[in-house]
Amino acid sequence: MKKRVAILISGRGSNMEALIKAAQNDDYPAKIVLVISNKDSATGLEIAEKYGINTKIVLRKNFTSDLDFDDHLSNILSQLQVDIICTAGYMKILTKKFVGEWMNKIINIHPSLLPSYKGLNTHRRALQDGASITGCTTHIVSAELDSGPIIMQESVLIEKDDDEDTLAEKVLKLEHRIFPESLQKIASGKLIIKDNIVLEN
Ligand code: GAR
Numbered sequence: 113m114k115k116r117v118a119i120l121i122s123g124r125g126s127n128m129e130a131l132i133k134a135a136q137n138d139d140y141p142a143k144i145v146l147v148i149s150n151k152d153s154a155t156g157l158e159i160a161e162k163y164g165i166n167t168k169i170v171l172r173k174n175f176t177s178d179l180d181f182d183d184h185l186s187n188i189l190s191q192l193q194v195d196i197i198c199t200a201g202y203m204k205i206l207t208k209k210f211v212g213e214w215m216n217k218i219i220n221i222h223p224s225l226l227p228s229y230k231g232l233n234t235h236r237r238a239l240q241d242g243a244s245i246t247g248c249t250t251h252i253v254s255a256e257l258d259s260g261p262i263i264m265q266e267s268v269l270i271e272k273d274d275d276e277d278t279l280a281e282k283v284l285k286l287e288h289r290i291f292p293e294s295l296q297k298i299a300s301g302k303l304i305i306k307d308n309i310v311l312e313n
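Heads up: take any position in the sequence shown, counting from 1, add 112, and you land on our numbering.
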């Protein structure tokens, strides 16, 4: 049976689209059942709707705390019997409680070779440091920001004439490849998480 997947977004949604496209394949082990955005301006919402995926907007301003906000998300996801959550450019930090409730079930994509460059402006910081290589990482989400067992990483060389935009573009191409592949490996059970490590099953 296909795993039921929800995607959390905050903006453009290009990684979300890569996941939706992959999931259109009959052999893909996951079905995208919902896209939730915490921003009503997220252009990814229109893309999801174009593919016929249900969407929901949940705004922080309608809740008294991050805990209440995440409890609401958790209820929506439980009601839909979601098995796996993908955070795809979701720029709100998840509460420890939420991460605990969905332990080993949240997959994030981050535009750096973690543990390097956690947080924001990853490409700018890599360029400022004169790094010669960067890339992207998919990982299981643990309570600490941009941390947790790594599923896949893909790297790219930083060239002399690269700027933040060219680097972001190069890395994004890799993101669109490894995110669907990572979800496939987890949803199919090819990879499992044991003792905080991702292992071949
Ligand atoms: C992507 O590059 C993603 O890796 C990054 O935001 C971008 C979202 O683009 N995520 C983070 O920085 C989270 N720490 P998208 O909306 O087109 O997928």
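Each residue gets a CB set at the ideal place from its N, CA and C atoms; glycine is no exception.
{"query": "Closer than 6 Å: residue 227 CB and nearest ligand 1 heavy atom", "result": "no"}
{"query": "CB of residue 166 within 7 Å of CB of residue 185, strictly", "result": "no"}
{"query": "Element boundaries [alpha helix (DSSP H), containing residue 304]", "result": "Premise fails: residue 304 lies in the beta strand (DSSP E), 303-306, not in any alpha helix (DSSP H)."}
{"query": "Nearest-angstrom Cα separation, counted from residue 153 out to residue 236", "result": "25 Å"}
{"query": "Residue 263 vs residue 294 beta-carbon contact at 7 Å", "result": "yes"}
{"query": "Anticipated Cβ contact below 8 Å, residue 310 with residue 252, distance rounded", "result": "7 Å"}
{"query": "C-beta contact flag for residue 114 and residue 143 at 7 Å", "result": "yes"}
{"query": "Limits of the beta strand (DSSP E) - the one that residue 297 falls within", "result": "Taken as a continuous stretch (DSSP letters only), residue 297 belongs to no beta strand (DSSP E), being part of the alpha helix (DSSP H) at 276-300."}
{"query": "Which residues DSSP lists as bridging residue 187, in chain order", "result": "Paired residues: none, contrary to the question."}
{"query": "Enclosing alpha helix (DSSP H) for residue 128 [first to last residue]", "result": "126-135"}
{"query": "Buried versus exposed call for residue 179 [16 or more other C-beta atoms within 10 Å across all chains shown]", "result": "exposed"}
{"query": "Alpha-carbon spacing of residue 175 relative to residue 244, whole angstroms", "result": "43 Å"}
{"query": "Cβ separation of residue 224 and residue 248, assumed to be a contact under 8 Å, to the nearest whole Å", "result": "7 Å"}
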